[in-house]
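Reading through the structure tokens given below for one structure.
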Amino acid sequence: MCSQYEVDLKARDELVDVLNEKLEITEKEGEKRKGVLRGWKKKVAELERCMRYLEEEVERSRQDSMERSVMDEASGEALRQLHRQIAKLEGEKKDVEKREEVERVERERAAMRLKEVEEECERLRDECKGREERGRILEEGIREANEQMAVMGRGESARGCSDQVEEEERERQRVAEGAWEQERAALVAQVEDLQEAKNALADELEDVKEQLATKDEGLRVLKDELEAQWKNTEVMSEKIERLENDRDGLREERDRLQEERSHLEEERNQLQDDLQALEERVSGMEVDFNDGENRKNELENEVQEAWNAKEEAEKERDELDEQLRAEQEHTQGLTDALQEREDQVSRLDEERQYALDTVTRLEENIRRRDAEVEECNKRILEREAESEQLREEITKLNREHTRLVEGETRYVQDAAMREGEARQQLEMMVQEKAEADVKVKTLNERVEKLTEEIEKLRRTVHELQLESAD
Numbered sequence: 001m002c003s004q005y006e007v008d009l010k011a012r013d014e015l016v017d018v019l020n021e022k023l024e025i026t027e028k029e030g031e032k033r034k035g036v037l038r039g040w041k042k043k044v045a046e047l048e049r050c051m052r053y054l055e056e057e058v059e060r061s062r063q064d065s066m067e068r069s070v071m072d073e074a075s076g077e078a079l080r081q082l083h084r085q086i087a088k089l090e091g092e093k094k095d096v097e098k099r100e101e102v103e104r105v106e107r108e109r110a111a112m113r114l115k116e117v118e119e120e121c122e123r124l125r126d127e128c129k130g131r132e133e134r135g136r137i138l139e140e141g142i143r144e145a146n147e148q149m150a151v152m153g154r155g156e157s158a159r160g161c162s163d164q165v166e167e168e169e170r171e172r173q174r175v176a177e178g179a180w181e182q183e184r185a186a187l188v189a190q191v192e193d194l195q196e197a198k199n200a201l202a203d204e205l206e207d208v209k210e211q212l213a214t215k216d217e218g219l220r221v222l223k224d225e226l227e228a229q230w231k232n233t234e235v236m237s238e239k240i241e242r243l244e245n246d247r248d249g250l251r252e253e254r255d256r257l258q259e260e261r262s263h264l265e266e267e268r269n270q271l272q273d274d275l276q277a278l279e280e281r282v283s284g285m286e287v288d289f290n291d292g293e294n295r296k297n298e299l300e301n302e303v304q305e306a307w308n309a310k311e312e313a314e315k316e317r318d319e320l321d322e323q324l325r326a327e328q329e330h331t332q333g334l335t336d337a338l339q340e341r342e343d344q345v346s347r348l349d350e351e352r353q354y355a356l357d358t359v360t361r362l363e364e365n366i367r368r369r370d371a372e373v374e375e376c377n378k379r380i381l382e383r384e385a386e387s388e389q390l391r392e393e394i395t396k397l398n399r400e401h402t403r404l405v406e407g408e409t410r411y412v413q414d415a416a417m418r419e420g421e422a423r424q425q426l427e428m429m430v431q432e433k434a435e436a437d438v439k440v441k442t443l444n445e446r447v448e449k450l451t452e453e454i455e456k457l458r459r460t461v462h463e464l465q466l467e468s469a470d
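In terms of full-length UniProt numbering, the sequence shown opens at residue 1 and continues consecutively.
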């Protein structure tokens, strides 16, 4: 039984070592995950700040875009007209490209026909050369036959035969020459026809090339016109935008000047009323004539000051025009910045989604780690139960040891009378007692080690629970 306990304890020791290694690995992973979580929390906080800032920028840009939409409506019709012209020119360009494709196919067909005619001419030339070679060989054979007949015609009897043979050979030669002349004339006529067809195709190919060159030139002209119109369109768009901005500024200036004019008219009416009152006072009171003159001069000075104020207002209007143009350029810059910020918001949304996915994955890992901790707790409880069982077994062994000691005592008392017979049994009992003491001591040491390991596991589990709670 003790050996079985030792085997079980060794297996449990190995299991405890494995669990300790797993706990160390889990602790390291937990530290890494904590660092990653802290980093992601910082990134999420930065993303939230960026989102708030971008929302404010979007709100400001939306207000600016609402103001600009009023100006964009005026230039929309001109841009639509330009787009219609561009679409028309593109349609004409497509038609030209289709015609060019058809002409290219026709040109390729003509080139193929010309190539076939050239091949046919070459074949006929080769055939003519072969037939001329055969005619030359035939003439050489005829000359050799004539020479042989001349040698054989020295005798009178042989002369008549050679004349007849010579006549037959000449007849065959005339027939062969006539046939060859007819065939040669036919071949020459065929070659001339093919040459004429080749020349006609070459002329046709040149005409097609000239037409294609003309159409290419027209296409280049159309492309240049299209590019010029597109550039003019861009220039006109910019000019329209500038004119619209100038128009809006002039309208505002007109409204402001109208208001100033109304104020000046009111002042003029008031001054006229004052002047009329002064004239009445001058007509009624000659004594106050000098005072009236002074008042008139003052009014004239006020009118002059009003004209000076008007000139200053015109100067301020020019300055406001400059400021308006600067504000428009600043608005364009803000629009570009808004587009960049929108792109940045999209990227930040993607990073935020990735961060959320990472947080979800880390939470899942934490839950899995909690499950592992729970399993470790269960194993610790099992180890405690096993330790309790071992303690009970040790208690039983102690009781058995006590019982054996008491039995040995009784045996010693009985052996006092039978010392010689019982000495051997006593030595055996002492040996068994010593072995039992050794086993009990070993089991006690194992129990202490298991208790220490259980305490270590409890502390480790407690630390893991604290880290999981954090």
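Glycine included, every Cβ here is placed at the ideal spot set by N, Cα and C.
Rounded to the nearest angstrom, the gap between the Cα atoms of ASP207 and GLU192 is 22 Å.
For LYS449 and LYS41, the gap between their C-alpha atoms comes out near 43 Å. A straight-line Cα-Cα distance of about 47 Å links GLU14 and GLU350. Only residues of its own chain outside the window of five on either side were considered, and among them none has a CB closer than 8 Å to the CB of LYS88. For ASN199, there are no CB contacts under 8 Å within the same chain when 5 residues up- and downstream are skipped. For GLU329, the closest of ARG242, GLU392, GLU127 by C-alpha to C-alpha distance is ARG242.
Non-local beta-carbon contacts of VAL235 in its own chain, meaning distances under 7 Å to residues more than five positions away in sequence, are absent. Taking all protein chains shown into account, LEU23 has 16 or more neighbouring C-beta atoms within 10 Å of its C-beta and is therefore buried. Just measuring C-alpha positions, the residue of GLU322, ASP357, ARG220 sitting nearest GLU92 is ARG220. Closest in alpha carbon position to GLU29, among ARG368, GLU388, LYS456, is ARG368. Measuring C-alpha to C-alpha distances from ASP318 to each of GLU21, LEU381, GLU252 identifies GLU252 as the nearest. Distance from the Cα of GLN332 is smallest, within the candidate group LYS396, ALA228, GLU238, GLU27, for GLU238.
With fewer than 16 other Cβ atoms from the protein chains shown falling within 10 Å of its own Cβ, LEU466 counts as exposed. Burial state of LEU381 is exposed, judged by a 10 Å Cβ sphere holding fewer than 16 other Cβ atoms. Taking a C-beta distance under 8 Å as the contact criterion, ARG379 and LEU19 qualify as a contact pair. The beta carbon of GLU312 lies closer than 8 Å to none in the same chain, with the five residues before and after it left out.
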